[in-house]
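For reference, the structure is listed below as structure tokens.
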Amino acid sequence: MRAVTWQGRKDMRVEDVPDPVIEEPTDAIVRITTTGLCGSDLHLYDPLTPFMTPGDIVGHEPMGVVEEVGPGVRDLAAGDRVVVPFNVSCGTCWMCSQGLHSQCETTQNREHGTGASLFGYSVLYGQVPGGQAEAMRVPFADTLPIVVPEGPPDERFVYLSDVLPTAWQAVEYAAVPDGGTLLVVGVGPIGDMACRIALSRGIRVIAVDPIQERLARVAGRGAEILQSGDEVPDRVRALTDGRGPDSVIDAVGMEAHGSPVAEMGQKALRLLPKQWQGTVMTTAGVDRLAALHLAIECVRRGGTISVVGVYGGAASPMPMLQLFDKQIQLRMGQANVRRWSSDILAVLEQDEDVLGVESFATHRLPLEDAPKAYATFRDKSDGMVKALFTP
Ligand SMILES: NC(=O)c1ccc[n+]([C@@H]2O[C@H](COP(=O)([O-])OP(=O)(O)OC[C@H]3O[C@@H](n4cnc5c(N)ncnc54)[C@H](O)[C@@H]3O)[C@@H](O)[C@H]2O)c1
Ligand SMILES: [Zn+2]
Ligand SMILES: [Zn+2]
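The working numbering applies: residue 45 is where the sequence shown begins, and numbers increase by one.
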């Protein structure tokens, strides 16, 4: 089959790879009909290079049709239409039973000190073949895939794999009080969807991003918008009675623009021999923290910051004085997809497209165009906010 594979820094290629097969009795094989490109894939494209192996199949936002199930599968059958969550979670361990599927104890990567495995996401997260491919093996077939109804187009459901539960959890963790204001820093697909979810709940939303066309999308749905710049904290306070927003979502992560020192650190890391890069990254500060620092600066005293953007360095400097003095609550983590999927499915099954998911993607491309799409998405050019591939 054809699949998008990582071959080196900024080098994704669509290659012929062996078809996936049932390995465990509880596996399913899913034929992919739509698969997304995510901001998290951009971390693999460059900063997480030390943890990648040439030939790794990437991608973690797939949906499709079950082709085959193993002999131990009871509740899923060939022909079922499913979305595959980006966490590889068993659904039955203690962590999963707490709704903490991204910490699944069956798939945790203890040798790397990391949580549950993720599809298509480096040795740090289990090196599980991903979903930017014509087909994939899905373990825990009775508990992991989300069965969705026939009828609506794939665009209605495909974001259940990641964008929707991630944005949903970001809003939940932001814990905006009644009548409160939410600041969303970064309106790529995740921040954009977080704005939509918050607005659909009647929350007042202010969004900030350097890119005007991305801001225009959320303005169209009712958010107040600010273009990134030095004066953002003052302008945010001016909009919130001088106090700052009750809650802030950081939907940017470790490649934030506007962090010159850390950017130099990320570049210097690349000059080291590959076998040292991983060690340096997991012990040193290589995150660009501009977005997180902006969140800390803006949030009101006693407010909550919900960090959904991914960070990867182990010693990135944090303004502890300001965090402590402002009495800030910080919540973060990979989305626990299965924790939220039923709540979200109930919204998606309404006739009305409440969150605008069917017109959310800016690009629909053949899988063969993936290498070009990675570069376009990284450069945020051609108006690309969300790309979906058709295998
Ligand atoms: N926690 C999770 O489970 C989870 C799941 C999916 C994605 N993510 C992470 O969420 C983040 C966003 O993902 P995405 O797909 O929307 O990616 P993206 O790269 O398209 O979006 C990032 C946005 O942030 C903006 N930005 C950059 N620097 C900024 C700054 N200093 N201030 C304000 N805005 C800034 C960019 O212009 C862009 O619009 C990534 O770090 C991704 O890895 C986390
Ligand atoms: Zn994703
Ligand atoms: Zn589990």
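Quick reminder that beta carbons are idealized off the backbone N, C-alpha and C, glycines included.
- Taking all protein chains in view, the Cβ of ARG314 is surrounded by fewer than 16 other Cβ atoms within 10 Å, so the residue is classified as exposed.
- Shown here, PRO233 sits in a helix according to DSSP, grouped into three states.
- In the DSSP secondary-structure assignment, VAL191 is bridged to VAL126.
- Taking SER161 as the centre and dropping the five residues before and after it, the same chain places the C-beta of VAL132, THR151, TYR169, GLY170, VAL172 closer than 6 Å to its C-beta, in chain order.
- DSSP places GLN373 inside the beta strand (DSSP E), whose first and last residues are 373-376.
- Ligand 2 has a heavy atom closer than 7 Å to the beta-carbon of ASP206.
- Membership of ALA419 in any beta strand (DSSP E) is not indicated; the residue belongs instead to the alpha helix (DSSP H) covering 414-423.
- Under the three-state reduction of DSSP, VAL182 is assigned to strand.
- When DSSP assignments are scanned along the region 220-299, the uninterrupted stretches of alpha helix (DSSP H) that are 4 or more residues long and fall wholly within it turn out to be 233-244, 256-263, 276-283.
- Distances between the C-beta of PHE130 and the heavy atoms of ligand 2 include at least one below 7 Å.
- Comparing C-alpha distances from ARG408 to each of ASP397, GLU396, VAL398, PHE421 shows the shortest one belongs to PHE421.
- Between ALA177 and ILE76, the C-beta gap is smaller than 8 Å, which places the two residues in contact.
- Around the beta carbon of LYS430, 16 or more other beta carbons lie within 10 angstroms, which makes this residue buried.
- In this structure GLY175 is buried. Its beta-carbon is surrounded by 16 or more other beta-carbon atoms within 10 angstroms.
- For secondary structure counted as the beta strand (DSSP E) over 3 or more consecutive residues, the region 97-175 holds these complete runs in sequence order: 106-113, 125-127.
- Judged by DSSP in its simplified three-state form, GLN51 adopts strand.
- Per DSSP, the beta bridge partners of THR434 are PRO410.
- Per the C-alpha coordinates, the member of TRP138, GLU307, GLY297, ARG258 positioned closest to ASP426 is ARG258.
- When secondary structure is reduced to three states using DSSP, ARG382 falls in the helix class.
- Sequence-distant Cβ neighbours of VAL296 in its own chain, meaning closer than 7 Å and more than five residues away, are VAL229, GLY230, ALA335, GLY353.
- Taken from the Cβ of SER84, at least one heavy atom of ligand 2 lies inside 7 Å.
- If you draw a straight line from the Cα of GLY114 to the Cα of LEU86, it is about 33 Å long.
- Pairing LEU144 with ARG332, the inter-Cα distance amounts to about 27 Å.
- Annotated three-state conformation of GLY322 is helix, per DSSP.
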